Amino acid sequence: MQEKRQGNEGFLDRAIDQLPVSDHFKNKSVELGFSTIRNITDLGWGKVMKLNGFCYSWFNELVKLLKNQGLLELLETK
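Going by this note's numbering, the first residue of the sequence shown is number 8, and it counts up by one from there.
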């Protein structure tokens with residue numbers, strides 16, 4: 008799994024508006040103060056869910072995105 012994670016470093020640091028995600032996800036990410044996926048994973052799901060403006064449809068898309076990249080474990084609570 009570590010190999011796959013290392014292969015996705017660029018994905019984690021790419022601007023969210025450059026990722027293959029919905030406009031809703033892009034807009035909500037900006038609203039929540041995130042510019043990269045790493046910003047989100049560094050915070051952890053527990054803190055993300057407590058953010059003002061948190062949205063379950065946005066979170067669901069995030070989970071699917073991370074799962075497809077083999078990075079879902081990075082969202083664990085910090």
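Beta carbons: idealized from backbone N, C-alpha and C, even for Gly.
Only a predicted model underlies this, so the values are computations on that prediction, with no experimental measurement involved.
Listed in chain order, the non-local C-beta contacts of Asn34 below 6 Å within the same chain number zero, local neighbours out to five positions each way being set aside. Here Thr43 has Leu19, Asp20, Arg21, Ala22 and Ile23 as same chain residues with Cβ atoms under 8 Å from its own Cβ, once five neighbours each way along the sequence are excluded. Going by DSSP, Gly53 is part of the alpha helix (DSSP H) stretching over Trp52 to Met56. When the alpha-carbon of Gly40 is set against those of Leu69, Lys74, Val55 and Leu26, the nearest one is in Val55. The DSSP-derived three-state label of Thr48 is helix.
When DSSP reads this structure, Thr43 sits in a beta bridge with Ala22. The Cβ neighbour count for Thr84, taken over all protein chains shown within 10 Å, is under 16; the residue is labelled exposed.
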